[in-house]
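Following: one structure in structure tokens, then a few remarks.
There are 2 protein chains.
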Amino acid sequence: MPRPDFRTPRLFLESPLAAGATVALDRSQANYLGNVLRLGTNDEVLVFNGRDGEWRAAISGSRRADALAIQAQTRPQQAAADISYVFAPLKHARLDYMAQKAVEMGASRLMPVSTRHTQVSRVNTDRMRANVIEAAEQCGILTIAPVDEPVTLQGFLDQRNPDRLLVFCDEDADMADPIAALNRQTGAVKHGIDVLIGPEGGFAPEERDSLLRQPHLVRLSLGPRILRADTAAVAALALVQAALAEHVASEQSQPDNAN
Amino acid sequence: MPRPDFRTPRLFLESPLAAGATVALDRSQANYLGNVLRLGTNDEVLVFNGRDGEWRAAISGSRRADALAIQAQTRPQQAAADISYVFAPLKHARLDYMAQKAVEMGASRLMPVSTRHTQVSRVNTDRMRANVIEAAEQCGILTIAPVDEPVTLQGFLDQRNPDRLLVFCDEDADMADPIAALNRQTGAVKHGIDVLIGPEGGFAPEERDSLLRQPHLVRLSLGPRILRADTAAVAALALVQAALAEHVASEQSQPDNAN
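Those protein sequence lines, which keep their order, are chains A and B. Every number in this note's numbering is 3 more than the matching position in the first sequence, counting from 1. Every number in this note's numbering is 3 more than the matching position in the second sequence, counting from 1.
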């Protein structure tokens, strides 16, 4: 697999990408390349659209950064590991940060759920999608994780595929060996993984009861310290990636999860 | 061990803490309790000073939040696991965030090092200490991690205790099984652990050479994605805590590291 290039600027585009194609840039993209990065005609960038892999492109156009000439593919499209990040939304800047971090840590889908103790009632999913794209651009990720519209925790539990592994980050879980708890599940992840981080106020008792009745459940301890939700997201995804990444199915093998 | 209480506000104080003591609050502490948290006379808070454990205290004073009456100890002081977080500093807000996250993940000492590709030359260590205290207050941590003055990477390598385990988060490390790489070191952590996160531009070749010559070295892969430095800090500390926390020495057993 070619090693990602992280020094060349990367830009997400909606357009199909193929050798010889020319893609017009919208005003914000042109502004970013021309005025923020100070690039001009013939300078190189990397582009991706979430479907066609990563391509080298050169800035073209009579005025600066009008368009991109797509040149050669630098990395093929790869299926993302099927790891959904299920979370109680936070406010504003911390939600931006949490969405970026989840993508950075390899979450392939973001699923906000409201709980009894969730402090945020409305979620700006468009803003979350912009954060997903920004993180993918910065971190060399070639797929764009979809952001679901928020549902209640019970709604999520009712509609999820019960064959998927549910990793429930539970401050009351046994701390003894979180890695061993995950390692026992290597056979259970062929339908993908849902990693659930609760609200900072914790789950209500009846919510905990519903969660603990789920099949294929791992209660994961993140240690004796209480973590902020954005920190817990990174820590939990780091453990899941380290223990299970090589066993988890990729999204493409899960047509029921491709929307 | 008593379970930490995370609903009552927690405040770091410099004063000695003992049953029956009265501690005067400075203006910013009084403002925080009175105006930010809207607490008044007889309301309860938890306090700690990094030495005497955690205590329940009641707001006293004729005007609001003038002083605290220290009542009973809620948790004894505990030695922190001896895990130093060694890092190339970032700019401003991201450095604040990184310091908070490292403390939240249980780092017991913060050691900024400058490298060839470090983007930041001056580090405001007072501001980092304020972030350490804020994270400890929020996350129920009873020790205040010292923040060292910055040194060069070579200076750090020259002065460190070579018996300590060095966990080097290396994007070129073998990705196969980071947990197994850490688990092989359970016997080697009795002198503590240094977790090193490099600059986002990577280490220079001669820096890598120096690092790779260190004894008791683990090169840790954090996966195929390139992470921002603050994300890498949380991910690396999560893996180190999960794999090694029960084996690592506590700070108190390491007098050479107690300054």
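Using N, Cα and C, we set each Cβ at its ideal position, and we do this for glycine too.
Min CB distance residue i to chain A below 8 Å
i, result
"Val237(B)", "yes"
"Leu168(B)", "no"
"Ala232(B)", "no"
"Pro181(B)", "yes"
"Leu242(B)", "yes"
"Cys172(B)", "no"
"Ala191(B)", "no"
"Leu14(B)", "no"
"Ala21(B)", "no"
Beta carbon proximity, residue i to chain B, threshold 8 Å
i, result
"Lys104(A)", "yes"
"Glu107(A)", "yes"
"Gly53(A)", "no"
"Thr118(A)", "no"
"Arg266(A)", "This structure cannot settle anything about residue 266(A), because the visible part of chain A is limited to 4 through 262."
"Gly158(A)", "no"
"Ala91(A)", "no"
"Gly143(A)", "yes"
"Ala245(A)", "yes"
"Ala248(A)", "yes"
"Asn262(A)", "With a pLDDT of only 37 at Asn262(A), under the threshold of 50, the placement of this residue in the model should not be trusted, and no figure is reported."
"Gln257(A)", "Because the pLDDT at Gln257(A) is just 42, under 50, the model does not fix this residue reliably, and the value given afterwards should be weighed accordingly. So no, Gln257(A) is outside the interface."
"Glu137(A)", "no"
Whole-angstrom C-beta distance between residue j and residue i, which should lie under 8 Å
i, j, result
"Leu199(B)", "Ala105(B)", "In fact, because the Cβ distance is near 12 Å, the residues do not count as touching under 8 Å."
"Ile86(A)", "Val243(A)", "7 Å"
"Phe206(B)", "Thr118(B)", "6 Å"
"Phe171(A)", "Leu220(A)", "6 Å"
"Ala232(B)", "Ala91(B)", "7 Å"
"Ala296(B)", "Arg222(B)", "Since the first and last residues shown for chain B are 4 and 262, residue 296(B) lies out of range."
"Val26(A)", "Leu71(A)", "5 Å"
Residue from the options with nearest C-alpha to residue i
i, options, result
"Leu49(A)", "Val154(A), Ile229(A), Tyr100(A) and Trp58(A)", "Trp58(A)"
"Lys193(B)", "Ala24(B), Thr234(B), Ala207(B) and Leu169(B)", "Leu169(B)"
"Asp55(B)", "Arg41(B), Thr44(B) and Gln81(B)", "Gln81(B)"
"Gly195(B)", "Cys142(B), Arg30(B) and Ser253(B)", "Ser253(B)"
"Lys346(B)", "Ala235(B), Pro202(B), Leu225(B) and Glu249(B)", "Outside the displayed range of chain B (4 to 262) lies residue 346(B), so it cannot be described from this structure."
"Ile182(A)", "Ala248(B), Met131(B), Leu215(B) and Asp233(B)", "Ala248(B)"
"Asp173(A)", "Gln32(A), Leu28(A) and Asp212(A)", "Asp212(A)"
"Arg78(A)", "Val126(A), Arg132(A), Thr146(A) and Pro92(A)", "Thr146(A)"
"Leu28(A)", "Glu210(A), Asn38(A) and Ala68(A)", "Ala68(A)"
"Ile144(A)", "Met108(A), Val116(A) and Val126(A)", "Met108(A)"
"Thr234(B)", "Tyr100(A), Gly64(A) and Ala75(A)", "Tyr100(A)"
"Gly204(B)", "Leu42(A), Gln141(A), Asn38(A) and Arg30(A)", "Gln141(A)"
"Asn164(B)", "Leu98(B), Pro218(B) and Thr44(B)", "Pro218(B)"
Close Cβ partners of residue i (< 7 Å) along its chain, the five nearest in sequence each way excluded
i, result
"Ala148(A)", "Val106, Ala110, Ser111, Arg112, Leu113 and Val135"
"Gln103(B)", "Asn134, Glu137 and Ala138"
"Asn186(B)", "Ala246"
"Thr128(A)", "Val150 and Glu152"
"Glu209(B)", "none"
"Val89(B)", "Met114, Val116, Phe159, Asp197, Val198 and Leu199"
"Ala22(B)", "Ile73, Gln74 and Ala75"
"Leu154(B)", "Correcting the residue identity first, residue 154(B) is Val in this sequence and not Leu. If we look at Val154(B) and ignore the five residues flanking it on each side, its Cβ neighbours are Val116."
"Leu230(A)", "Ala238"
Identified DSSP bridge partners for residue i
i, result
"Ile229(B)", "In the DSSP output, where bridge partners are listed per residue, Ile229(B) has none listed."
"Ile200(B)", "Phe90(B) and Cys172(B)"
"Met101(A)", "Partner(s): none; Met101(A) has no beta bridge."
"Gln76(A)", "Trp58(A)"
"Leu220(B)", "Leu169(B)"
"Glu47(B)", "Ala61(B)"
"Thr155(B)", "Ser117(B)"
"Phe15(A)", "Phe51(A)"
"Leu20(B)", "Beta-bridge pairing links Leu20(B) to no other residue."
"Thr25(A)", "Ala72(A)"
"Ala84(B)", "Ser253(B)"
"Val243(B)", "In the DSSP output, where bridge partners are listed per residue, Val243(B) has none listed."
"Arg112(B)", "Ser87(B)"
"Val150(B)", "Leu113(B)"
Beta-carbon proximity list for residue i, same chain, < 6 Å, skipping 5 on both sides
i, result
"Val73(B)", "Here residue 73(B) is Ile; the residue named in the question, Val, does not match the sequence. Answer for Ile73(B): Leu20, Ala24, Trp58 and Ala60, listed in chain order."
"Pro12(B)", "Leu40 and Val48"
"Leu214(A)", "Phe171"
"His250(A)", "Thr189 and Val192"
"Met131(A)", "Ala102 and Val150"
"Leu36(B)", "Leu42 and Ala68"
"Arg167(A)", "His194, Gly195 and Asp197"
"Asp46(A)", "Ile62"
Close beta carbons around residue i, own chain, < 8 Å, minus the five adjacent residues each side
i, result
"Asn262(B)", "With a pLDDT of only 37 at Asn262(B), under the threshold of 50, the placement of this residue in the model should not be trusted, and no figure is reported."
"Asn52(B)", "Phe15, Leu16, Glu17, Ser18, Pro19 and Leu20"
"Asn38(A)", "none"
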